[in-house]
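Each residue of the sequence shown is one higher than the last, beginning at 1 in the UniProt record's numbering. By construction, the Cβ of each residue, glycine as well, lies at the ideal position given by its N, Cα and C atoms. These numbers come from a predicted model, not from an experiment.
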Amino acid sequence: MKILIIEDEPDLLDVIRQSLEMEHFLVESAGTYLAALDKIVDFDYDCILLDIMLPGGSGLDLLRELKNLDKSDNVIIISAKDSLDDKLAGLNLGADDYLTKPFHIAELTARVKSVLRRKSFQGKNLVVIGNLKLDPEERTLTIGDEPLPLNRKEFDILTYMLVNKNRLVNKTSLAEHVWGDHMDQADDYEFIYSQIKNLRKKLKERQADVEIQAVYGIGYKLVRL
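Here it is in structure tokens:
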């Protein structure tokens, strides 16, 4: 899962980043309004942590831009401003939650997971398709009730494919989501091919009820067998 932190306080940003990375999230960041604007225009995220007061502009304007772009990124506002008007404005513009500074990092992490469960996994703790059960928080996969070990990238790829099951996922989106922004500038996608190859082999050997199908020249699609 890929998170964008929009925060101009370097110390707080580092603490949040470290906490989320310990939970195996892929974390990107922006410290100014313009840097954040470039990020949300060019890339997609599972969750955005958004400060309202930013150098160069307002986080509320970034929310408006997300709305104009018709993007469905989950947004949690993290702000020192604890006014009802700001909360209502943020929620009315599409924010999913509002957390006032100072806050406990554990609470922020819990809210991120809650938003992701609600939006990406329909509020469920487990993703179940056929004989496959994936636990995004515990980062475990079982097939037919037997655990199947995956490396970090294999697990992240499978999670992204499950969230987008039956949809065509292009290689660039997959690369950016699992390896980080700007992967569209990579010379080739050999790093994706090797991970996909190993993941498909593991799923086939365990007779999983899903298959990752390659769409030549475009990307991949996860389908139920």
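Host beta strand (DSSP E) of residue i (start-end)
{"i": "R224", "result": "G219 to R224"}
{"i": "L99", "result": "D97 to T100"}
{"i": "A214", "result": "V210 to V215"}
{"i": "L4", "result": "K2 to I6"}
{"i": "K81", "result": "K81 -> no beta strand (DSSP E), and no H or E assigned at all."}
{"i": "L134", "result": "L132 to D135"}
{"i": "L93", "result": "Segment: none, L93 is in no beta strand (DSSP E) and carries neither H nor E."}
{"i": "L168", "result": "Unbroken run through L168: none, as it is neither H nor E."}
{"i": "L141", "result": "T140 to I143"}
N-terminal and C-terminal residue of the alpha helix (DSSP H) that residue i is part of
{"i": "Y160", "result": "R152 to V163"}
{"i": "L116", "result": "I105 to S120"}
{"i": "K197", "result": "E190 to E205"}
{"i": "L148", "result": "No alpha helix (DSSP H) holds L148; DSSP gives it neither H nor E."}
With 16 other Cβ atoms within 10 Å as the buried cut-off, status of residue i
{"i": "A110", "result": "exposed"}
{"i": "N125", "result": "exposed"}
{"i": "L134", "result": "buried"}
{"i": "K201", "result": "exposed"}
{"i": "residue 226", "result": "In the structure as shown, the chain begins at 1 and stops at 225. Residue 226 is therefore absent and cannot be evaluated."}
{"i": "Q195", "result": "buried"}
{"i": "E7", "result": "buried"}
{"i": "L34", "result": "exposed"}
{"i": "E148", "result": "What sits at residue 148 in the sequence shown is Leu, not Glu. So L148 ends up on the buried side."}
{"i": "N74", "result": "buried"}
{"i": "G180", "result": "exposed"}
{"i": "M22", "result": "exposed"}
{"i": "L20", "result": "buried"}
Of the listed residues the options, nearest to residue i (C-alpha basis)
{"i": "S72", "options": "L84, D86 and V115", "result": "V115"}
{"i": "T32", "options": "E9, I16, L26 and K81", "result": "E9"}
{"i": "E154", "options": "L132, L93, L199 and T140", "result": "L199"}
{"i": "D96", "options": "K87, G130, I129 and H182", "result": "K87"}
{"i": "F121", "options": "P136, N131 and G130", "result": "P136"}
{"i": "residue 231", "options": "A80, L50, M53 and L37", "result": "Outside the displayed range of the chain (1 to 225) lies residue 231, so it cannot be described from this structure."}
{"i": "L162", "options": "L49, L93, V223 and L34", "result": "V223"}
{"i": "L203", "options": "E146, N74 and G123", "result": "E146"}
{"i": "L225", "options": "I48, D51 and N131", "result": "N131"}
{"i": "Y216", "options": "R64, Y193, L13 and G180", "result": "Y193"}
{"i": "K81", "options": "L50, N170 and I218", "result": "L50"}
{"i": "V210", "options": "N166, Q185 and K171", "result": "N166"}
{"i": "I129", "options": "N164, L20, T172 and M183", "result": "N164"}
{"i": "E205", "options": "R117, G144 and Y98", "result": "G144"}
{"i": "K101", "options": "L13, Q213, K171 and E190", "result": "L13"}
{"i": "K119", "options": "I76, L150, D85 and F103", "result": "I76"}
{"i": "L63", "options": "Y160, N92 and D85", "result": "N92"}
{"i": "G94", "options": "L66, V169, E190 and G123", "result": "L66"}
{"i": "H24", "options": "D85, I157 and A89", "result": "I157"}
{"i": "I218", "options": "V169, E190 and K197", "result": "V169"}
Contiguous alpha helix (DSSP H) assignments of at least 4 residues, all confined to the segment 22 to 75: 33 to 42 and 59 to 68
Could you say if the segment 33 to 51 and the segment 2 to 18 meet the contact criterion of at least three C-beta pairs nearer than 8 Å? As far as the Cβ criterion goes, the segment 33 to 51 touches the segment 2 to 18, which means the pair count is three or higher.
So, does the segment 140 to 149 touch the segment 161 to 181, judging by three or more C-beta pairs under 8 Å? no
At least 3 beta-carbon pairs within less than 8 Å: the segment 10 to 29 vs the segment 52 to 70: no
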